[in-house]
Amino acid sequence: MARYVIVGAGPAGVIAAETLRQQDADGEIVLLGGEPEPPYSRMAIPYYLTGGIEESGTHLRKAQDHYAKLGIEVRQAAVSKVDTGANSLVLADGSALPYDQLLLATGASPVRPPVPGLDLPGVHHCWTLEDARQMADLADPGASVVLMGAGFIGCIILESLLARDVKLTVVEMEDRMLPRMMDQTGGAMIKRWCEDKGTSVLTSTKVTEIKAADGGGLQVVLDSGEQVPAALVVVATGVKSNAELAQDGDIKVDQGIVVDNYLRTSVSNVYAAGDVAQAPDHSTGGWSVLAIQPTAADHGRVAALNMAGVETTYKGNLAMNVLDTAGLVSVSFGRWDGGDGCETAESVDAENFRYMRLVFEEDRVVGALSLGHTDHVGVLRGLIQGDVHLGEWKARLQADPCRIMEAYLGSTLS
Amino acid sequence: MNTGKRLMQKSLHIDPGKCTGCLQCEMACSLDNEGAFNPAKSRIKVFDFHAEGRFVPYTCTQCAEAWCMKACPVDAISVDTLTGAKVVSDALCVGCKVCTIACPFGTINYNQTTGKVLKCDLCGGDPECAKACPTSAITFIDADWTGLERMRDWASKTDSGTRAEA
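Here the protein sequences line up with chains A and B, keeping their order. Here our numbering runs 1215 ahead of the position in the first sequence, where the first position is 1. Here our numbering runs 52 ahead of the position in the second sequence, where the first position is 1.
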């Protein structure tokens, strides 16, 4: 009887455990989580912060006996070492946990920029449920809050902070909001949208120091010399893969743990999935780390199938994001920034905050951005990942990039 | 040979050649599901190909891959065991929209009014669109006869799944 051990109880780990059970009725499945919570979704934390859901609403599976019923042993344990020679984990308490097949789904952690004062009380990442609880205590209506970083995670938190009626200042060191998800046009529209809602957005600005203010609270010092008072500072300046465990073994690590088309690492019975895995990329032909939910779900499933002996090829990472910035929905897919040999088509309605940008290579869509569109945006994934040849629809999309659904239907169902 | 389970399950069959673009399906869908004649909130959409004088009704095929369901971070989408439909629980949906980018068919959409996502749930086994269609362009028939294989073939090609690349 095989023993499968999964390190990490996020979406990749949980989906892998469930998929393993579907494939192997008898195998022993151990799911190790690092936090004192039932397996939960970081994606749902912003909705907990707005008060839209209870903590239990963030749980990946709602039934309390879900894991027990499937015979999945969920354990809270920190792992100190992977001993690939002995096929065993060393846990923080010194005990050994042998495995036949191992999945590293250890996720990512927030990056801590080199700014003095980040260890002061009142400065938080928004990453774990515990972070969220602490933020919720400080983000009262009218409180001054400084958000460091206007990337994807920063902008998600931004929405929940606005929903709590705080006085918000966003500080982003790059020249626009969402520098890795939006081009200048889209980034500028989102910035104007936030400013219209009363948020102060400072782009091309760095936080140089955070100080304790004399009368309590914090003082955020900017490179402009300006100081912004804050009851709460939220640090959302990117994430990095938790690949440390792999580093002490002979498992190949680059930006993340490097895996092949089967989500297998350089050690044949060790797999990696989710935010920690650097996997083949559909768009570039290289390898990428994509810390996003759909990728975690796909990785978890494909890794588990291979672990259980059902040979399954992973189709490749495709960058995709959807974001609601205080009511303005934005989407990005694939190679939205274009590049050599690409053509683009754009439809811009700045006044109404609507934007669509498509990037073509030959007669295929390879990347897309949209703002203010909520209908049928998924078909952009279909067009890109399906390598749909548009034929005559390319010219029609160049004339009106918003006709993505018609282009898909016209190209696939003719 | 059909299994008993498959015999019980029916699917929407869409024959675009018979569609006249009357939008009765959109009206019926939005009335039944949203309580108002509001095609913008319909879960089935009729696409108008003016150049060819052709209409194509389009909605979720309840695909086996269930991209939306697998991508949901809060377990808000589940399979209705009676109909096979993938159904959104409004109580559990937090409105994160991940499913709307995960579905490669573009058939699960965010509703800004409710803050939840919308998709076809086969109306619990008696779809209003099929009943409202005056030309039988939309019918609800045994799953084996629906002719959706093309789309499903496509889905399996896109699936990060078991198929080797040709």
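We put the CB at the ideal spot given by N, CA and C, even for glycine. Remember, predicted model here, so these are calculated numbers, not experimental data.
CB of residue i within 8 angstroms of CB of residue j, strictly
i                  : j                  : result
Asn163 of chain B  : Leu170 of chain B  : yes
Leu1478 of chain A : Ala1523 of chain A : no
Met1392 of chain A : Ile1405 of chain A : yes
Ser1456 of chain A : Val1504 of chain A : yes
Gln1316 of chain A : Leu1520 of chain A : no
Gly1587 of chain A : Val1574 of chain A : no
His1281 of chain A : Val1449 of chain A : no
Trp1401 of chain A : Pro1394 of chain A : According to the sequence provided, residue 1401 of chain A is Gly. The question's Trp does not apply to it. For Gly1401 of chain A and Pro1394 of chain A, no; Cβs fall outside 8 angstroms.
Val1603 of chain A : Ser1626 of chain A : yes
Val108 of chain B  : Cys71 of chain B   : yes
Met1363 of chain A : Val1326 of chain A : no
Leu1612 of chain A : Tyr110 of chain B  : no
Ala1195 of chain A : Gly1471 of chain A : Not covered by the structure: residue 1195 of chain A. The range shown for chain A is 1216 to 1629.
Leu1437 of chain A : Val1422 of chain A : yes
Val1435 of chain A : Val1361 of chain A : yes
Arg1516 of chain A : Ile1230 of chain A : yes
Gly1556 of chain A : Glu1576 of chain A : yes
Counted within 10 angstroms of its Cβ, other Cβ atoms place residue i as buried (16 or more) or exposed
i                  : result
Ala92 of chain B   : exposed
Ala1354 of chain A : buried
Ala216 of chain B  : Note that Ala216 of chain B has pLDDT 33, beneath the 50 cutoff, so the model's placement of it is unreliable and no number is given.
Lys1426 of chain A : exposed
Pro1226 of chain A : buried
Leu1247 of chain A : buried
Thr1284 of chain A : Per the sequence shown, the amino acid found at residue 1284 of chain A is Lys instead of Thr. By the 10 Å Cβ count, Lys1284 of chain A comes out exposed.
Phe99 of chain B   : buried
Asn161 of chain B  : buried
Pro1616 of chain A : buried
Thr1234 of chain A : buried
Gln1462 of chain A : exposed
Asp1469 of chain A : exposed
Asn54 of chain B   : Note that Asn54 of chain B scores 39 on pLDDT, short of 50, meaning its location in the model is unreliable; the coordinates nonetheless yield the value given after this. Per the 10 Å Cβ criterion, exposed.
Pro1356 of chain A : exposed
Pro1313 of chain A : exposed
Gln76 of chain B   : buried
Ile1368 of chain A : buried
Asn1445 of chain A : With the sequence shown as reference, residue 1445 of chain A is identified as Ala, and Asn is not the correct amino acid for it. Counting Cβ neighbours within 10 Å, Ala1445 of chain A comes out buried, since at least 16 surround it.
Phe1548 of chain A : buried
Arg1236 of chain A : buried
Met121 of chain B  : buried
Asp1298 of chain A : exposed
Closest by C-alpha distance to residue i, when choosing among the options
i                  : options                                    : result
Gly1606 of chain A : A:Arg1618, A:Thr1420, A:Asp1578, A:Asp1465 : A:Asp1578
Leu1333 of chain A : A:Thr1299, A:Leu1447, A:Thr1384, A:Tyr1255 : A:Leu1447
Glu1441 of chain A : A:His1497, A:Leu1247, A:Thr1384, A:Glu1270 : A:Thr1384
Leu1345 of chain A : A:Lys1412, A:Ser1310, A:Met1363, A:Pro1261 : As written in the sequence, residue 1345 of chain A is Glu, which differs from the Leu given in the question. With distances taken between Cα atoms, Glu1345 of chain A lies closest to A:Pro1261.
Gly1300 of chain A : A:Arg1516, A:Gln1600, A:Gly1464            : A:Gly1464
Glu1424 of chain A : A:Gly1272, A:Thr1414, A:Ser1439            : A:Ser1439
Gln61 of chain B   : B:Gln76, B:Cys115, B:Lys70, B:Gly105       : B:Cys115
Gly158 of chain B  : A:Ala1351, A:Ala1610, A:Ile1599, A:Arg1379 : A:Ile1599
Arg1618 of chain A : A:Thr1452, A:Asp1411, A:Tyr1570            : A:Tyr1570
Arg1550 of chain A : A:Ala1378, A:Val1229, A:Met1396            : A:Met1396
Ala1541 of chain A : A:Asp1298, A:Ala1307, A:Leu1373            : A:Leu1373
Leu134 of chain B  : B:Gly177, B:Met121, B:Glu117, B:Lys97      : B:Gly177
Glu1288 of chain A : A:Val1544, A:Arg1572, A:Ala1232            : A:Ala1232
Ala1458 of chain A : A:Gly1309, A:His1274, A:Leu1318            : A:Leu1318
Cys1409 of chain A : A:Asp1398, A:Leu1376, A:Gly1430            : A:Leu1376
Lys1530 of chain A : A:Val1546, A:Thr1559, A:Thr1499            : A:Thr1499
- Flag this pair as touching only if the stretch 1217-1226 of chain A and the stretch 1482-1499 of chain A have three or more C-beta atom pairs under 8 angstroms; answer yes or no. yes
- Three or more beta-carbon pairs under 8 angstroms between the stretch 1527-1536 of chain A and the stretch 1592-1611 of chain A, yes or no? yes
- Kindly confirm or deny that the stretch 148-168 of chain B and the stretch 1505-1514 of chain A touch, where touching means at least three C-beta pairs closer than 8 angstroms. Under the three-pair Cβ rule at 8 angstroms, the stretch 148-168 of chain B counts as touching the stretch 1505-1514 of chain A.
- Is it a yes or a no for the stretch 179-190 of chain B touching the stretch 80-91 of chain B, going by three-plus beta-carbon pairs under 8 angstroms? yes
- Task: Name, going along the chain, the residues of the stretch 1601-1629 of chain A whose beta-carbon falls closer than 8 angstroms to a beta-carbon of chain B.
- Result: Gly1601, Ile1619, Met1620, Glu1621, Tyr1623, Leu1624, Gly1625, Thr1627, Leu1628
- Item | Under 8 angstroms (Cβ pairs) to chain A, residues found in the stretch 138-150 of chain B | Leu144, Val146, Gly147, Cys148, Lys149, Val150
- For the stretch 1266-1287 of chain A, which residues have a CB atom closer than 8 angstroms to at least one CB atom of chain B, in sequence order? Gly1267, Ile1268, Gly1272, Thr1273, His1274, Leu1275, Arg1276, Lys1277
- Item | Residues in the stretch 1579-1597 of chain A having any Cβ partner in chain B nearer than 8 angstroms | Per Cβ criterion, the list reads Thr1589, Asp1590, His1591, Val1592, Gly1593, Val1594, Leu1595, Arg1596, Gly1597.
- Any contact of the stretch 1254-1269 of chain A with the stretch 107-126 of chain B, i.e. 3+ C-beta pairs under 8 angstroms? Contact between the stretch 1254-1269 of chain A and the stretch 107-126 of chain B is present, because at least three Cβ pairs lie under 8 angstroms.
- Query: What residues in the stretch 86-103 of chain B have a beta carbon less than 7 angstroms from any beta carbon of chain A?
  - Reply: If the cut-off is 7 angstroms between Cβ atoms, the stretch 86-103 of chain B has Phe99, Phe101 near chain A.
- Task: For the stretch 1461-1475 of chain A, enumerate the residues whose C-beta is nearer than 9 angstroms to any C-beta of chain B, in chain order.
- Result: none
- Listed in chain order, which residues of the stretch 122-134 of chain B have Cβ atoms closer than 8 angstroms to some Cβ of chain A? Listed in sequence order: Lys122, Ala123, Pro125, Val126, Asp127.
- Compile a chain-ordered list of the residues in the stretch 1539-1563 of chain A whose CB is closer than 8 angstroms to at least one CB of chain B. Asp1539, Gly1542, Val1544, Val1546, Phe1548
- Query: Using a Cβ cut-off of 7 angstroms, which residues of the stretch 1245-1267 of chain A contact any Cβ in chain B, in chain order?
  - Reply: Ser1256, Met1258, Ala1259, Tyr1262, Gly1267
- Using a beta-carbon distance cut-off of less than 9 angstroms, what residues from the stretch 172-199 of chain B approach chain A? none
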